[in-house]
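Chemist: The structure that follows is given in the form of structure tokens.
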Amino acid sequence: MSCASCVKRVERLALSVEGVVAAAANLATGSLSLEVATPAAVPQVVAALGKAGYPVRTQDLRLEVEGMSCASCVGRVERALKAVPGVLDAVVNLAAGTATVTVAAGAVGPEALAEAVAAQGYPARPSVDQDQSPVEDRVARVQADEARAMGRRTLLAAALAAPVVLLSMGAHLVPGMAALIDRTIGATGSALVQMALTA
Numbered sequence: 004m005s006c007a008s009c010v011k012r013v014e015r016l017a018l019s020v021e022g023v024v025a026a027a028a029n030l031a032t033g034s035l036s037l038e039v040a041t042p043a044a045v046p047q048v049v050a051a052l053g054k055a056g057y058p059v060r061t062q063d064l065r066l067e068v069e070g071m072s073c074a075s076c077v078g079r080v081e082r083a084l085k086a087v088p089g090v091l092d093a094v095v096n097l098a099a100g101t102a103t104v105t106v107a108a109g110a111v112g113p114e115a116l117a118e119a120v121a122a123q124g125y126p127a128r129p130s131v132d133q134d135q136s137p138v139e140d141r142v143a144r145v146q147a148d149e150a151r152a153m154g155r156r157t158l159l160a161a162a163l164a165a166p167v168v169l170l171s172m173g174a175h176l177v178p179g180m181a182a183l184i185d186r187t188i189g190a191t192g193s194a195l196v197q198m199a200l201t202a
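Under the numbering used here, the residues of the sequence shown are numbered 4 to 202, in order.
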């Protein structure tokens, strides 16, 4: 929306959808407040605004849902979520025990969605990584895996470098170390061990 005419047009479009009781657009915040008789009107308003060139900002929220055991459970959870005002779509994954809910940005929070699902008998809670998209999730996992691998390589390098430092610099650090190395493995043996550890 960029002018008062846009505000009036958005309000008229919203009011033309069956089930919308009142609509008030705000040019300064770029928002639309709706009073609806049924939550099913919200996705219809979003579709009408999108067709008219006023796309609605959306947000995906994720919930962790417990207690689902069949397709019927999935259907009940999806219906409960879609009945919440501001919800545009809901997809439930039985295997993962999650629900991904698309809402009009700022219209409803994850806690309200979790309460709606819990009211149907399925304990739910907002996913801990609400602010991350699936791509960000994957990137974070890859970075964590790389950090763990680098940590393992660092420990291995330290374990292999310690004997090399002891053999090559031990005579400078500990009196009598050079004589001990010469008596036990000799200078050639010391060089071969160092070469094997650093190869």
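Cβ coordinates follow ideal geometry from the N, Cα and C atoms, glycine included.
Based on DSSP bridge pairs, tell me the residues matched to Ser36.
Modeler: DSSP, once it has assigned bridges, lists Ala27 as partnering Ser36.
Chemist: Could you tell me the boundaries of the alpha helix (DSSP H) in which Glu21 lies?
Modeler: Looking at the DSSP string, Glu21 is not in any alpha helix (DSSP H), and its letter there is neither H nor E.
Chemist: With H, G and I counted as helix, E and B as strand and the rest as coil, what does DSSP make of Leu66?
Modeler: In this structure, Leu66 counts as strand in the three-state DSSP scheme.
Chemist: Which whole-angstrom value describes the C-beta separation of Ala17 and Val59, a residue pair presumed to lie in contact below a C-beta threshold of 8 Å?
Modeler: About 11 Å separates the two Cβ atoms, so there is no contact after all.
Chemist: Compute the Euclidean distance between the alpha carbons of Asp148 and Ala51, then round it to the nearest angstrom.
Modeler: Each residue's alpha carbon lies about 45 Å from the other.
Chemist: Counting beta carbon pairs with one atom in the region 55 to 73 and one in the region 103 to 120, are three or more of them shorter than 8 Å?
Modeler: Because the criterion of three Cβ pairs below 8 Å is met, the region 103 to 120 and the region 55 to 73 touch.
Chemist: Enumerate, from N- to C-terminal direction, the unbroken beta strand (DSSP E) stretches of 3 or more residues contained entirely within the region 75 to 134.
Modeler: Listed in chain order, the complete beta strand (DSSP E) runs (minimum 3 residues) inside the region 75 to 134 are 90 to 96, 101 to 107, 127 to 129.
Chemist: Take every Cβ of the region 116 to 125, pair it with every Cβ of the region 164 to 184, and state whether three or more of those distances are shorter than 8 Å.
Modeler: The region 116 to 125, when compared against the region 164 to 184, does not touch it at the 8 Å Cβ threshold.
Chemist: Could you work out which residue in Thr201, Ala127, Asn29, Ser19 is closest to Met4 when comparing CA atoms only?
Modeler: Selected option, being the one with the closest Cα: Asn29.
Chemist: Is the beta carbon of Leu35 sitting closer than 8 Å to the one on Val20?
Modeler: No, the Cβ-Cβ distance between Leu35 and Val20 is not below 8 Å.
Chemist: Using the three-state DSSP reduction, which class does Thr157 fall into: helix, strand or coil?
Modeler: Three-state result, Thr157: helix.
Chemist: Take Lys85 as the anchor and find which of Glu69, Glu118, Lys54, Tyr57 has the nearest alpha-carbon.
Modeler: Comparing Cα-Cα distances from Lys85 to each of Glu69, Glu118, Lys54, Tyr57, the minimum goes to Glu118.
Chemist: When the distance is taken between beta carbons, is Val131 closer than 8 Å to Val95?
Modeler: Taking 8 Å as the Cβ cut-off, Val95 and Val131 do not qualify as a contacting pair.
Chemist: I need the DSSP call for Thr191, collapsed to helix, strand or coil.
Modeler: If DSSP states are grouped into helix, strand and coil, Thr191 belongs with the helices.
Chemist: Just how far apart, CA to CA, sit Ala83 and Gly22?
Modeler: The straight-line gap from Cα to Cα measures roughly 19 Å.
Chemist: Based on the DSSP output, what are the partners of Thr41 in its beta bridges?
Modeler: The partner list for Thr41 (beta bridge, DSSP) is empty, contrary to what the question assumes.
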